[in-house]
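Peer 1:
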Amino acid sequence: MSCIYINKLDKDSFDILLDIKLMDIYPKNFEYDIKYSSLLGLSNKYIDGEWSIKKFCNFFKDKIVLSALSTEEMELISDSPATSLENAFENLRKVKAKDNSEGKITDGEVGEIFLYGIMREYYQATVLVPKIFYKQNTNDTVKGGDSVHITLSNNEVGVWFGESKFYSDINRAIDDSVKSISDFLKNKINKEISISYDSLRLENIKKMLIEKPNEELYNELKYLLQKDNIDKLKQYMHIPILILYECDITKSSKSQEELIKRYINDIFKEKSLMLLKKQITKLKENNIFNYESIKFHIILFPCIDKDKIMDNINDMAKNYI
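Position 252 of the sequence shown, counting from 1, maps to 300 under my numbering, and the rest follow consecutively.
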């Protein structure tokens, strides 16, 4: 059965190879207590028998605004798309200047922006905290989640704190994701909740949320994002985990059909169960209270050579940074 939170399947976006509730494929000897988990396996398009780097880079360029612009600036995109894109890259440049980086876009930034794009395209989630905009606009150096979104559907409030990795090695990406999420829930969530609550009170976000569902849901969300209510919040908390990774099968395939025939779906299932098992173990070790109520969404996206992708993204970004 597919994930109940995926609302939009846009044929112009990346293709879905696998969309399942992960609980449905737990092996009999799998020890788990997480109440809800899902797996979304995505694939880039193949054009003329080749994995389309151009489409991948364009997705990054199209979605950077979701993380790098304020909600007020987002409202102006339709009137001035070119200016909005320039402003988004300028905000990213400011973040990199604060970090004293050499100016090149990093794999971490690619992962973060892809997560924002996927949350919009596949989960119809609303940005609550645009991370790049927030980081360039504050002296706060505490790193929380890679993304913060909210969903309001079927009279259910959802608060999504995301994690993303773009690695050459999927196993290392899994291990680092597990550590990051556990550290977030143990040491950083209160700070993230405080930032999220402040964002929720912004007038344009309040107006948008009240217009779409109703004021009762908005007030419920505001209640949940008060730090004294963290135990209650976990019942409404989602953690999407995006892993972009190099895949030899993806590199050597000429089409998505070939990918599927060569057992990539089995790889998705194997790696997702590995991640979930390690995550449960780590959360138990860290004594994270009520972690079993959190909904985990694993998103796997196999890619070709990471260095080649990063070179192409940075070549594209030279026009803006």
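Even glycine gets a Cβ: it sits at the ideal position worked out from N, Cα and C.
Measure how close the beta-carbons of D194 and L163 come, nearest whole angstrom, since I'm counting them as under 8 Å.
Peer 2: Numbered from its first residue, the sequence shown carries residue 194 at position 146. Numbered from its first residue, the sequence shown carries residue 163 at position 115. At roughly 6 Å, the Cβ-Cβ gap stays under 8 Å, so D194 and L163 are in contact.
Peer 1: With H, G and I counted as helix, E and B as strand and the rest as coil, what does DSSP make of S132?
Peer 2: On the sequence shown, residue 132 is found 84 positions in, with the first residue counted as 1. In the structure shown, S132 sits in a helix (DSSP, three-state: H, G or I).
Peer 1: Determine, using beta-carbon pairs with one atom in the region 204–216 and one in the region 162–176, whether at least three such pairs fall under 8 Å.
Peer 2: Because the criterion of three Cβ pairs below 8 Å is met, the region 204–216 and the region 162–176 touch.
Peer 1: Please work out which residues of its chain come closer than 6 Å, Cβ to Cβ, to C295, disregarding the five sequence neighbours upstream and downstream, and give them in chain order.
Peer 2: In the sequence shown, counting from the first residue as 1, residue 295 sits at position 247. Closer than 6 Å at Cβ, skipping near neighbours: P350.
Peer 1: Have a look at the DSSP bridge pairing and note the partners of D63.
Peer 2: Residue 63 sits at position 15 when you count from the first residue of the sequence shown. D63 is bridged to S91.
Peer 1: The beta strand (DSSP E) that contains S216, what's its start and end?
Peer 2: Position 168 of the sequence shown holds residue 216. First-last for S216: undefined, no H or E at that position.
Peer 1: Cα separation between I82 and K343?
Peer 2: Residue numbering aside, residue 82 sits at position 34 when the sequence shown is read from its first letter. Residue numbering aside, residue 343 sits at position 295 when the sequence shown is read from its first letter. When rounded, the distance between both Cα atoms is 7 Å.
Peer 1: Since M285 is in the alpha helix (DSSP H), which residue starts that stretch and which ends it?
Peer 2: Here residue 285 is taken as the residue at index 237 of the sequence shown, counted from 1. Not the alpha helix (DSSP H): M285 falls in the beta strand (DSSP E), residues 285–294.
Peer 1: Measure the C-alpha to C-alpha separation of N239 and E160 and round it to an integer number of angstroms.
Peer 2: Translated into positions along the sequence shown, residue 239 becomes position 191. Translated into positions along the sequence shown, residue 160 becomes position 112. It should be noted that the sequence gives Lys, not Asn, for residue 239. When rounded, the distance between both Cα atoms is 19 Å.
Peer 1: Just to confirm the assignment, what range does the beta strand (DSSP E) spanning F107 have?
Peer 2: As a position in the sequence shown, residue 107 is number 59, starting the count at 1. No beta strand (DSSP E) holds F107; the alpha helix (DSSP H) holding it covers 101–116.
Peer 1: Secondary structure at F349, three-state DSSP: helix, strand or coil?
Peer 2: The count along the sequence shown starts at 1 and reaches residue 349 at position 301. Here F349 sits in strand by DSSP.
Peer 1: Going along the chain, which unbroken runs of the alpha helix (DSSP H) with 4 or more residues stay wholly within the region 321–347?
Peer 2: For the region 321–347, not a single whole alpha helix (DSSP H) run of length 4 or above is found.
Peer 1: K146: which of I180, E123, I125, S61 sits nearest, CA to CA?
Peer 2: By 1-based counting over the sequence shown, the position of residue 146 is 98. It is I180.
Peer 1: Out of curiosity, what's the CA-to-CA distance linking K93 and I352?
Peer 2: Stepping through the sequence shown from its first residue, residue 93 is reached at position 45. Stepping through the sequence shown from its first residue, residue 352 is reached at position 304. Distance between the alpha carbons of K93 and I352: 12 Å.
Peer 1: What are the uninterrupted segments assigned as alpha helix (DSSP H) that are 4 or more residues long and contained completely in the region 134–171, given in chain order?
Peer 2: List check, alpha helix (DSSP H) in window: 155–171.
Peer 1: Here's a check: name, in chain order, each residue in its chain whose Cβ is nearer than 6 Å to the Cβ of A283, leaving out the five neighbours to either side.
Peer 2: One-based indexing of the sequence shown puts residue 283 at position 235. First, the amino acid is wrong: residue 283 is Gln here, not Ala. Cβ neighbours of Q283 beyond the five flanking positions: S341.
Peer 1: If S132 and L114 are in contact, beta carbons under 8 Å, what's the gap, nearest whole angstrom?
Peer 2: Walking along the sequence shown from the start, residue 132 turns up at place 84. Walking along the sequence shown from the start, residue 114 turns up at place 66. Not quite, the Cβ-Cβ distance comes to about 11 Å (not below 8 Å), so this is no contact.
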